[in-house]
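These notes are about the structure you will find just below.
Numbering (my numbering), first residue to last: 21 to 390.
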């Protein structure tokens, strides 16, 4: 067995001393730390997936459709039906999770000698994928309440002139949405400074109180809306992400995509899920109600809670967030210590899982007040 470590390998300098992205997967009764949809896929959908995969399996000796034409067509129909804006197949691209979408965008519009900006705390994979693609990362400002100050953000864009701007709405890990007016202001600032590609990450938009920003694509050729099937569709194990943008952006991204990057099985499974959107979005409504219950109950217990448009809730404040995380874990519930000082994050689970979490934090509160 070799005793060589990663430090002994000729890895790039910017990767030294870094840790891979991940969340602890501990064997506890209730896991509410990774923003997964807690509801298993309904049996009719499972059967339909089996049918489509069986059909695809007969042709696995051949490469899959490298352009995923049928899948992109159905994704465009879903976006048109639910997003308040007509989207065509030529405006849609799909990949292995929204993380690959982000990677492809940074490979296309970022890279060595170029920069990207995000407003942190936000989705940490934006910075990690930027580093992995050799793109310089700029951490933009947020207010103490985790909202974006449009004027301060516009100044940061003007001063740094990034090639890619990330806006996450609803924001992960804080849960709050970015107002439409702020997105418009920062898009205009990015075009004045760049022009730059502006990526609006809508991974959790189906859980939002408001509408998608898809209609903003009209007349804005440098705007990209990124989505995923991991959350609202309850298909985290599928690994299917997609974007909507001007057709020229889709053409550009295909310059860096790997050949046949989406397997025939992935495409078949995603197509089956898109046949059951009404059922799956019904689960979303249940989770939104549970999310709102968590917000109300946590506030009633005296916690500070960030406004949430996602399927998770950020709550605090703790003098020692990691200790609070451990105390909740000791009561059988795994939440996320997301690195925001003084705060923790809990995913909305089933009613029973949420009851277990609320019992745990009540016990924590009682112990602290004793």
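Beta carbons: idealized from backbone N, C-alpha and C, even for Gly. All values reported here derive from a predicted model rather than from experimental measurement.
Run through DSSP, which three-state label would residue 166 get? Counted from its first residue, the chain shown places residue 166 at position 146. Note: residue 166 maps to coil in three-state DSSP.
Using a 10 Å radius around the Cβ and a threshold of 16 neighbouring Cβ atoms, would you call residue 329 buried or exposed? As a first step, residue 329 must be located in the chain shown, where it is residue number 309. Around the beta carbon of residue 329, 16 or more other beta carbons sit within 10 angstroms, so the residue counts as buried.
Using the Cα positions of residue 256 and residue 56, report the straight-line distance between them to the nearest angstrom. Locating residue 256 in the chain shown gives position 236, counting from the first residue. Locating residue 56 in the chain shown gives position 36, counting from the first residue. Going from the Cα of residue 256 to the Cα of residue 56 covers about 7 Å.
If contacts are defined as beta-carbon pairs under 8 Å, then residue 337 and residue 369 qualify, I think. What distance do you get, rounded to the angstrom? Along the chain shown, read from residue 1 onward, the residue named residue 337 stands at position 317. Along the chain shown, read from residue 1 onward, the residue named residue 369 stands at position 349. Going by Cβ atoms, the distance from residue 337 to residue 369 rounds to 23 Å, so no, they are not a contact pair.
At least one CB of chain B closer than 9 Å to the CB of residue 248: is that the case? Annotation note: the requested chain B is absent from the structure, which comprises a single protein chain.
Would you report the Cα separation of residue 75 and residue 247, rounded to the nearest angstrom? As a position in the chain shown, residue 75 is number 55, starting the count at 1. As a position in the chain shown, residue 247 is number 227, starting the count at 1. Approximately 27 Å between the Cα atoms of the pair.
How close, in whole Å, do the beta carbons of residue 233 and residue 222 come, if the pair is a contact with beta carbons under 8 Å? Here residue 233 corresponds to residue number 213 of the chain shown, with the count starting at 1. Here residue 222 corresponds to residue number 202 of the chain shown, with the count starting at 1. 7 Å between Cβ atoms; contact.
Kindly confirm or deny that the region 208 to 223 and the region 187 to 194 touch, where touching means at least three C-beta pairs closer than 8 Å. yes
Are the CB atoms of residue 174 and residue 137 nearer to each other than 9 Å? Residue numbering aside, residue 174 sits at position 154 when the chain shown is read from its first letter. Residue numbering aside, residue 137 sits at position 117 when the chain shown is read from its first letter. In this structure, residue 137 does not lie closer than 9 Å to residue 174 by Cβ.
Taking just the CA atoms, how far does residue 195 sit from residue 333? Taking the chain shown and counting its residues from 1, one reaches residue 333 at position 313. Taking the chain shown and counting its residues from 1, one reaches residue 195 at position 175. When rounded, the distance between both Cα atoms is 6 Å.
Report the start-end ranges of each beta strand (DSSP E) in the region 149 to 218 that is 3 residues or longer and not cut off at the edges. 156 to 160 and 184 to 188
Inside the region 212 to 300 only - beta strand (DSSP E) runs reaching at least 3 residues: 217 to 221, 243 to 248 and 261 to 265
Which of the three DSSP states is assigned to residue 120 in this structure? Residue 120 sits at position 100 when you count from the first residue of the chain shown. Correct three-state label for residue 120: helix.
Taking all protein chains shown into account, do 16 or more other C-beta atoms lie within 10 angstroms of the C-beta of residue 168, making it buried, or fewer, making it exposed? Residue numbering aside, residue 168 sits at position 148 when the chain shown is read from its first letter. With 16 or more Cβ atoms within 10 Å of its Cβ, residue 168 is classed as buried.
Identify whether residue 56 lies in helix, strand or coil by the three-state DSSP scheme. Along the chain shown, read from residue 1 onward, the residue named residue 56 stands at position 36. Three-state DSSP puts residue 56 in coil, outside helix and strand.
Residue burial classification, residue 201 (beta-carbon count within 10 angstroms, cutoff 16): Within the chain shown, residue 201 is the residue found at index 181, counting from 1. The residue is exposed, with fewer than 16 neighbouring Cβ atoms inside 10 Å.
With a threshold of 8 Å, are at least 3 pairs of Cβ atoms found where one atom belongs to the region 275 to 289 and the other to the region 236 to 245? Judged by pairs of C-beta atoms under 8 Å, the region 275 to 289 does not touch the region 236 to 245, as fewer than three such pairs exist.
Whose CA, out of 152, 335, 100 and 316, lies closest to the CA of residue 366? Here residue 366 corresponds to residue number 346 of the chain shown, with the count starting at 1. Closest option to residue 366, Cα to Cα, is 335.
Neighbourhood of residue 96 by C-beta distance below 6 Å, restricted to the same chain and skipping five residues each side: Reading the chain shown from its first residue, position 76 is the one you call residue 96. These residues qualify, in order along the chain: 107, 108, 109 and 112.
Quick one: is residue 209 buried, meaning 16 or more other Cβ sit within 10 Å of its Cβ, or exposed? Looking up residue 209 in the chain shown gives position 189. Answer is buried; the Cβ neighbour count reaches 16.
Straight-line Cα distance separating residue 163 from residue 142: The residue labelled residue 142 in the question sits at position 122 within the chain shown. The residue labelled residue 163 in the question sits at position 143 within the chain shown. Looking at the backbone, the Cα of residue 142 and that of residue 163 are separated by about 13 Å.
Do you know how far the Cα of residue 156 is from the Cα of residue 271? Mapped onto the chain shown, residue 271 falls at position 251. Mapped onto the chain shown, residue 156 falls at position 136. CA-CA distance, residue 271 to residue 156, rounds to 24 Å.
Could you give the DSSP three-state label for residue 368: helix, strand or coil? Counting from one through the chain shown, the residue named residue 368 turns up at place 348. Looking at residue 368 - three-state DSSP - the assignment turns out to be coil, as it is neither helix nor strand.
DSSP three-state label for residue 46, please. If you number the chain shown from 1, residue 46 lands on position 26. Reduced to three states, the DSSP call for residue 46 is coil.
Provide the residue(s) that pair with residue 112 in DSSP beta bridges, ordered along the chain. In the chain shown, counting from the first residue as 1, residue 112 sits at position 92. 264.
Give the secondary structure of residue 359 by DSSP, where H, G and I count as helix, E and B as strand, and everything else as coil. The sequence position of residue 359 within the chain shown is 339, counting from 1. Correct three-state label for residue 359: coil.
Grab me the residues of residue 310's own chain with a C-beta within less than 8 Å of its C-beta, minus the 5 sequence neighbours each way, in chain order. Your numbering for residue 310 matches position 290 in the chain shown. Only 368, 369, 370, 371 and 374 meet the Cβ criterion.
Are the CB atoms of residue 182 and residue 158 within a distance shorter than 9 Å? What you label residue 158 is simply residue 138 of the chain shown in a count that begins at 1. What you label residue 182 is simply residue 162 of the chain shown in a count that begins at 1. Against a cut-off of 9 Å, the Cβ pair of residue 182 and residue 158 comes out as a contact.
In or out: residue 304 buried (at least 16 other Cβ within 10 Å) or exposed? Reading the chain shown from its first residue, position 284 is the one you call residue 304. Its Cβ being crowded by 16 or more others within 10 Å, residue 304 is buried.
Relative to the C-alpha of residue 264, which residue among 38, 105 and 351 is closest? Within the chain shown, numbered from 1, the residue matching residue 264 stands at position 244. Ranking the options by Cα distance to residue 264, first place goes to 105.
Is residue 77 helix, strand or coil by DSSP? Sequence index remark: in the chain shown, residue 77 carries index 57 (1-based). In the structure shown, residue 77 sits in a helix (DSSP, three-state: H, G or I).
CA-to-CA distance, residue 49 to residue 260, given in whole angstroms: Locating residue 260 in the chain shown gives position 240, counting from the first residue. Locating residue 49 in the chain shown gives position 29, counting from the first residue. Rounded to the nearest whole angstrom, the CA to CA distance from residue 260 to residue 49 is 28 Å.
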